[in-house]
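If you read the sequences in order, they're chains A and B.
Each residue of the first sequence is one higher than the last, beginning at 0 in numbering that gives the first Met the number 0.
Each residue of the second sequence is one higher than the last, beginning at 0 in numbering that gives the first Met the number 0.
Data first, discussion second: the structure below is written as structure tokens.
Number of protein chains: 2
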Amino acid sequence: MDRPFTHIVDKLRSVDLRPTRQRMALAKLLFDGPHRHVTAEMLHSEAQDANVKVSLATVYNTLHQFTGAGLLKEIVIDAGRSYFDTNIETHHHFYNEDSKVLSDISGDQISFEQLPTPPDGKQISSVDVVVRVRSV
Amino acid sequence: MDRPFTHIVDKLRSVDLRPTRQRMALAKLLFDGPHRHVTAEMLHSEAQDANVKVSLATVYNTLHQFTGAGLLKEIVIDAGRSYFDTNIETHHHFYNEDSKVLSDISGDQISFEQLPTPPDGKQISSVDVVVRVRSV
DNA sequence: GTGTTTGCAAAGTGTTTGCAATTTA
DNA sequence: TAAATTGCAAACACTTTGCAAACAC
């Protein structure tokens, strides 16, 4: 057998979150494997499927804690539903308006010829690009 | 005295919406004057202030009808709240994360050096850019 | 008159909160 | 055992819906 999930424990400790059973399980679902886009509902039902007992409220709390800690990035695509992205590198998104599926556009696939100067006393915190696509 | 609001009547008729009292009043609030960003609640309380009797449900219906007709563009900035923009030209947005205020970036202030090819069988329906800013 | 639109109130969706019980360090 | 975390259920904010009454043409 493997040792326990040392890398996940470390990840949580590095952002000062206690490695509780729930956070460990959610972190494993989120970070063990390829990057993904999840909603709270999606992650909650995945946890259920994996026989992890965790409440929806805790999933919400955890997603926000992870986001605050910089482990996730929240992306706004759809009014009325929050997505969280495990890919925190600079990148953008395709949003399929027909299927509601979100996919990544790597950061270097979009480049700006120019960007506007932010209003006085402000700095740019992020530049979010959503390319909405639909069937031809 | 002016003639009645012929231009608004025409605008509504041109998109096959009957110029009812409520739609006329909301259209006047939205389109008589500079471009603006509104939520349903904002528009509803403006209507109240202007002594226009209109229900919130009708404001929602109307905003969606106007959007469907191409008179408004819905912009997604904030999960859990829908904004509608009277400016339907290609343009982008600054979103002030501190004050929650939205402002326009004209279309030509952002240009893409390249844009990704959409997945097979798909076409780009829009490219939405949100530049989030916060105090330095 | 006939089909459209409106307003209300109720229901729906996704999210947050208060707080007692549990768990972690 | 002290502080952090969890789960539940209730509350919340925003939006949509069903349907009878009112309105536009």
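Here a beta-carbon is modelled for each residue, glycine too, at the ideal position from N, C-alpha and C.
For residue i, the three-state DSSP class (helix, strand or coil)
i	result
F4/B	coil
V130/B	strand
D31/B	coil
N86/B	coil
V58/B	helix
D107/B	helix
E45/A	helix
K10/B	helix
R80/B	strand
L101/A	strand
E73/A	strand
E112/B	strand
Beta-carbon spacing of residue i, residue j below 7 Å
i	j	result
A197/A	V126/A	Beyond the ends of chain A as shown, which are 0 and 135, falls residue 197/A; an answer cannot be given.
V135/B	H92/B	no
H34/A	T85/A	yes
V53/A	A46/A	yes
E96/A	F83/A	no
A78/A	Y59/A	no
R17/A	T61/A	no
P117/B	V100/A	no
P115/B	I104/A	yes
S102/A	Q113/B	no
H43/B	L55/B	yes
A24/B	V51/B	yes
Partner residues on chain B for residue i, Cβ-Cβ distance less than 9 Å
i	result
V14/A	Ordered by position in chain B, no residue passes the 9 Å Cβ test against V14/A, which lies about 21 Å from the chain.
V75/A	V75, I76, D77, A78 and V129
Listed by chain order, chain A residues near residue i by CB distance under 9 Å
i	result
R80/B	A78 and G79
Q21/B	Residues of chain A passing the Cβ test: none, with the nearest at roughly 23 Å.
Listed by chain order, chain A residues near residue i by CB distance under 8 Å
i	result
I104/B	P115
I7/B	Simply none; closest approach about 27 Å.
V132/B	P117, P118, K121, Q122, I123 and S124
F30/B	In chain order: nothing, as chain A lies at least about 22 Å away.
Q47/B	Within 8 Å Cβ-Cβ: nothing; Q47/B doesn't reach chain A, min ~23 Å.
F4/B	Neighbours of F4/B on chain A: none; closest Cβ ~30 Å, over 8 Å.
Residues that residue i contacts on chain B, provided the C-beta gap is smaller than 7 Å
i	result
S54/A	Within 7 Å Cβ-Cβ: nothing; S54/A doesn't reach chain B, min ~21 Å.
S44/A	In chain order: nothing, as chain B lies at least about 19 Å away.
I87/A	The contacting residues do not exist; I87/A stays about 15 Å from chain B at best.
Where residue i meets chain B, residues with beta-carbon distance less than 8 Å
i	result
S98/A	Going along chain B, no residue has its Cβ under 8 Å from S98/A, so there is no contact; the nearest lies around 10 Å.
V135/A	G120, K121 and Q122
V51/A	Near V51/A there are no residues of chain B at all, since even the closest Cβ is about 25 Å away, more than 8 Å.
Cβ-heavy atom distance, residue i to the ligand SAM, below 6 Å
i	result
T89/B	Summarising the ligand content, the structure contains no ligands, and the ligand SAM is consequently not present.
Contact set between residue i and chain A, taken where Cβ atoms lie within less than 7 Å
i	result
F83/B	Near F83/B there are no residues of chain A at all, since even the closest Cβ is about 11 Å away, more than 7 Å.
Select from the segment 112 to 130 of chain A all residues with a C-beta closer than 8 Å to any C-beta belonging to chain B, and list them in chain order. E112, Q113, L114, P115, P117, P118, G120, K121, Q122, I123, S124, S125, V126, D127, V128, V129 and V130
Which of the residues in the segment 56 to 71 of chain B, read from start to end, lie with their CB under 9 Å from any CB of chain A? none
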